[in-house]
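Everything on this sheet refers to the single structure shown next.
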Amino acid sequence: MVVIAYLLLRMHNLFAVVMMSGIYSLLAAVLYVIMDAVDVAFTEAAVGAGISTVLMLGTLALTSRRDKERTGNKPIPILIVTITGLLLIYGTLDMPPYGDPTAPIHHHVGRYYIDNSGEQVGPPNIVTSVLASYRGYDTLGEVTVIFTAAIGVMALIGRSRKRKKKLKTN
Amino acid sequence: MMMGFYIVISQHNLIKKIVGLNVFQVSVFVFYISMGKVKGGTAPVFLDGFEIYSNPLPHVLILTAIVVGVATSALALALTVRIKDTYGTIEEDEIEALETEDQEKEKEGLP
Chain A
761 MVVIAYLLLR
771 MHNLFAVVMM
781 SGIYSLLAAV
791 LYVIMDAVDV
801 AFTEAAVGAG
811 ISTVLMLGTL
821 ALTSRRDKER
831 TGNKPIPILI
841 VTITGLLLIY
851 GTLDMPPYGD
861 PTAPIHHHVG
871 RYYIDNSGEQ
881 VGPPNIVTSV
891 LASYRGYDTL
901 GEVTVIFTAA
911 IGVMALIGRS
921 RKRKKKLKTN
Chain B
57 MMMGFYIVIS
67 QHNLIKKIVG
77 LNVFQVSVFV
87 FYISMGKVKG
97 GTAPVFLDGF
107 EIYSNPLPHV
117 LILTAIVVGV
127 ATSALALALT
137 VRIKDTYGTI
147 EEDEIEALET
157 EDQEKEKEGL
167 P
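Going down the list, the protein sequences come from chains A and B. In terms of the numbering used here, the first sequence opens at residue 761 and continues consecutively. In terms of the numbering used here, the second sequence opens at residue 57 and continues consecutively.
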């Protein structure tokens with residue numbers, strides 16, 4: 761994944777950049793499967809690698825295909841990024857070890873969902889029951905966000921197209 | 057993760073910036089999922105013969121986050137299309153140059 765991210769940084773053909781971001785999403789999906797999150801992997805492969813690639817290709821068709829080439833690394837961004845990265849790594853130092861079943865995250869509602877969702881909600885997939893039942897309001901909020909984004913996209917693109925048509929007729 | 061962050065601040069092309077933002081996002085997702093993993097556990101789906109499951113809560117949160125992320129990047133791409141329509145370019149520094157040109161013209165126009 762790091763290699764792909766580096767290629768993303770170096771390539772100037774935007775079509776290739778978009779394809780690489782699709783590959784990046786698929787690799788992330790593989791990583792999710794390794795870490796037992798199959799539902800997340802499905803979503804990432806379908807939405808991250810599928811829909812967002814299509815959206816980006818559509819944007820490329822409407823804009824330009826190539827990035828303007830520039831040479832040389834910029835020192836100030838590299839400095840900021842390195843400092844932030846080191847701070848984040850420092851922050852993870854006192855996290856519980858990977859895969860530790862006694863980590864604090866496993867002692868609150870997660871345990872409750874695993875023990876009770878089978879009887880209280882029904883579906884064998886715990887993620888489904890949490891998503892649709894226990895955290896249903898989250899999902900409602902998510903749908904609201906998508907709806908707002910759809911309205912925004914329509915307002916931004918739909919209007920400009922109409923205006924162009926008017927200009928042509930004038 | 058930092059690679060994505062670097063792309064966001066250092067690149068001038070708007071589409072590349074959006075891709076960088078996605079890379080950045082995915083790294084946060086991986087971080088959350090890795091917190092939910094339990095050693096020897098299996099995916100949180102009830103099946104006979106499995107006792108230990110990974111924590112389902114981060115999975116749910118990240119499912120929501122992925123979809124919201126795509127919605128925001130769709131909006132960003134729509135904005136990019138509009139910027140291309142208005143300025144004729146999607147390179148940040150060229151847009152800035154055009155803006156300063158416009159401002160100078162306005163100043164000259166005023167007495």
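C-beta atoms are modelled at their ideal positions from N, C-alpha and C, and glycine is treated no differently.
- Between A/Gly845 and B/Phe87, the alpha-carbon positions lie close to 14 Å from each other.
- By DSSP's assignment, B/Glu162 forms no beta bridge with any residue.
- Under DSSP, B/Tyr109 forms a beta bridge with B/Thr98.
- Here A/Tyr850 is exposed: its Cβ has fewer than 16 other Cβ atoms, across all protein chains shown, within 10 Å.
- Just so you know, the alpha carbons of B/Asn78 and A/Leu791 end up roughly 16 Å apart.
- Looking from the CA of A/Leu786, the closest CA among A/His868, A/Thr813, A/Leu900 belongs to A/Thr813.
- Judged by their CB atoms, B/Ala127 and A/Ile906 are nearer to each other than the 7 Å cut-off.
- Burial state of A/Val903 is exposed, judged by a 10 Å Cβ sphere holding fewer than 16 other Cβ atoms.
- With respect to A/Val890, B/Pro112 sits close: the two C-beta atoms are nearer than 7 Å.
- Along the stretch 900 to 915 of chain A, the positions whose C-beta sits under 7 Å from a C-beta of chain B are Glu902, Val905, Ile906, Ala909, Gly912, Val913, read in chain order.
- When the Cα atoms are used, A/Asn773 and A/His867 turn out to be separated by approximately 48 Å.
- Annotation: the continuous alpha helix (DSSP H) that includes A/Val905 extends over 896 to 913.
- Residues of chain A whose Cβ lies closer than 7 Å to the Cβ of B/Val137 are, in chain order, Thr819, Leu822, Thr823, Ile917.
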